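Data block below; observations after.
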Amino acid sequence: EYPTRMSHSDFDEWKKIVTEVIDKENPSVVVTFDHSGWTGHPDHIISSVEVMNILKKYPEITLLWPALDPEGKKWVNEEVRDIMPMANVSFKLGKKRRLILYRAANCYRSQRFSDKKLMPILRIILGWKAEWYHKVDMKKEYKHKFVKFDI
150 EYPTRMSHSD FDEWKKIVTE VIDKENPSVV VTFDHSGWTG HPDHIISSVE VMNILKKYPE
210 ITLLWPALDP EGKKWVNEEV RDIMPMANVS FKLGKKRRLI LYRAANCYRS QRFSDKKLMP
270 ILRIILGWKA EWYHKVDMKK EYKHKFVKFD I
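For the sequence shown, the residue numbers in the numbering used here are 150 to 300.
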């Protein structure tokens, strides 16, 4: 478990663990935040940059960043919205997968839905038909920027 805002030494340990997991699990695909961090959270941005750096040593692994459609982007911090990548891969979601996503989101206190939010959010999630991703070009230079973010 890591603190909400990681220090440089925390990230050094984190990078070591990520590399060990990749070596042990030998994944074909890794999914992480894009360089916007979605919210501008500095740990999300650093995680994105570092995972991409680590995966440059594993050319057989595909890196995917979750991506939003233009409607979804309006909910993102406007300071990082312009550097979020466009989706270039999508996967259809069945009802069972959408329910799993709802339950997973509900595990986090910050993502839990009050009674007032439950029905609209439930309708959105259960109506969700696909997940969108950006397949990262490991040879491309992607921008990132840190914004004022209160933790």
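All C-beta atoms in this analysis are idealised placements derived from N, C-alpha and C, irrespective of residue type, glycine included. Remember, predicted model here, so these are calculated numbers, not experimental data.
Asked: Alpha carbon of aspartate 231 to alpha carbon of aspartate 183, nearest angstrom; Found: 12 Å
Asked: Bridge partners - proline 215, DSSP secondary structure assignment; Found: Tyr282
Asked: Beta bridge counterpart(s) of phenylalanine 240 as assigned by DSSP; Found: Glu280
Asked: When Gly186, His293, Asn237, Asp172 are compared against alanine 279, the one with the closest alpha-carbon; Found: Asn237
Asked: Helix, strand or coil at valine 225 according to DSSP, with G and I counted as helix; Found: coil
Asked: Simplified DSSP assignment, three categories, for valine 167; Found: helix
Asked: Three-state class that DSSP yields for valine 296 in the structure shown; Found: coil
Asked: Assumed close pair methionine 287, leucine 212 - CB separation to whole angstroms, cut-off 8 Å; Found: 7 Å
Asked: For valine 167, the nearest candidate out of Lys294, Leu204, Ser185, Trp187 (CA to CA); Found: Leu204
Asked: Chain-order list of residues whose beta-carbon lies under 8 Å from that of phenylalanine 160 (same chain, five-residue window excluded); Found: Ile195, Glu199
Asked: Those residues which DSSP pairs with valine 180 across a bridge; Found: Leu213
Asked: Beta-carbon spacing of valine 179, isoleucine 210 below 8 Å; Found: yes
Asked: Cβ pair methionine 235, serine 185 closer than 8 Å; Found: no
Asked: Rounded distance between the beta-carbons of valine 229 and valine 296, thought under 8 Å; Found: 6 Å
Asked: Through-space distance from lysine 294 to threonine 188, alpha-carbon basis; Found: 11 Å
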